[in-house]
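Heads up, the thing below is written out as C-alpha cells.
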Amino acid sequence: MKKPALGSLLLVLSLVAGPVSAQTISLFSTGVDAAGVPLAGGALDPHYDTDLEGTKARVLNNQTPGPYVQSATSRWVWLNADGSLDGVRDFTTTFTLTAPQVAAGITLSGAFASDNIGSVFLNNNDLGISVDNFTVFTSFSTTSGFVVGTNVLRFTVNNYSGPGGLNVDNLQYTVGSGGSAAPEPGALALGLLGGVALIARKRGGKN
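Letter by letter, the sequence shown follows residues -22 to -1, 1 to 185 of mature numbering (1 follows the signal peptide of the UniProt record, and there is no 0).
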C-alpha cells in the first residue's frame, strides 16, 4: 500500500513544481517612446519625471561639441532641450512588482552616462555609484531594496558647469535571480520531488 501513496505524492509534486526559469523585463531607456523608438530632439520623455513638479524630461536638441557617448536605443535628456539649467537635478522612472516577484528575487541592471556627476538610487537607497563621465556608459546592478508595488528608480545629476545631460540605456530587471531572496515555489517542489524520487529508488532496491 505504500507504493501507491508514494506515487500519488510524486504526481502532486510534479504538478506543483511548474517553471522556475528566470524572466527578464525591459524598462524604458531615456528619450524613447512607448515602443522604445528614440524621440526627436525637444520631445518630452513620457517615462522620466524631473524634480520640477509635473515636468517630464526633455530630449536634448544637440550636445555641446565633444565625445558624448551615444546609443541607438536611448537619447540624452535634461529638464530643457538645451541642457542649460544648472544644479542638482533628479530624474525618476517607476516600475511595479508583485509579492511573488519580490519573493522570487529581483536583479535590476542598466547603464548610464551623465554630465556632470551622476548617482543612482532605488527607493531612496543609494546604489553606491558616482560617475562624472559623458564619454562612456557605466553599468550598474542591484539585487536588494525592492518593494511590493511601485518601485522608484532615481538618477541624480549634479550639473555644476556648462550644459547638463542624462542618458540611461539597457535598463531591465530579472525575476527569479536574486541571490538573497526566497526560492520560488516551483523550485521548492522540484527539490522535494527529487528527494522523494531518491527514497523511492532506495526502497525499490530493497525488494
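All residues carry an ideal CB built from backbone N, CA and C; glycine is no exception.
Please report how far the alpha carbon of residue i lies from the alpha carbon of residue j, in whole angstroms.
i, j, result
"Y26", "A35", "6 Å"
"L149", "G32", "23 Å"
"A81", "T120", "15 Å"
"N94", "L57", "14 Å"
"L5", "D68", "18 Å"
"Y138", "P78", "42 Å"
"V37", "T128", "25 Å"
"T71", "P45", "27 Å"
"G20", "A50", "17 Å"
"S87", "R53", "18 Å"
"I3", "Y151", "5 Å"
"L75", "V47", "31 Å"
"P134", "P24", "A small fix is needed here, since residue 134 is Thr in this sequence, not Pro. Each residue's Cα considered, the two are about 18 Å apart."
"P141", "G61", "5 Å"
"G83", "G143", "32 Å"
"N103", "N111", "22 Å"
Identify the continuous beta strand (DSSP E) that holds residue i and give its terminal residues.
i, result
"T116", "T116 to T120"
"Y138", "Neither: Y138 is in no beta strand (DSSP E) and is coded neither H nor E."
According to DSSP, what are the bridge partners of residue i?
i, result
"F133", "F69 and V98"
"L144", "V55 and S92"
Helix, strand or coil for residue i? Go by DSSP, reduced to three states.
i, result
"G127", "strand"
"T113", "coil"
"T5", "Note that residue 5 is Leu in the sequence shown here, rather than Thr. Coil."
"G154", "coil"
"L105", "strand"
"A160", "Any answer about A160 is weak, because its pLDDT of 36 lies below 50 and its placement is not dependable; what the coordinates show is given next. Note: A160 maps to coil in three-state DSSP."
"L149", "strand"
Is residue i close to chain C, meaning its C-beta is less than 8 Å from at least one C-beta of that chain?
i, result
"H25", "The displayed structure is made up of one protein chain only, and chain C is not part of it."
* **Runs of alpha helix (DSSP H) lying entirely within the region 8 to 91, each at least 4 residues, in chain order** => The qualifying runs are 77 to 82.
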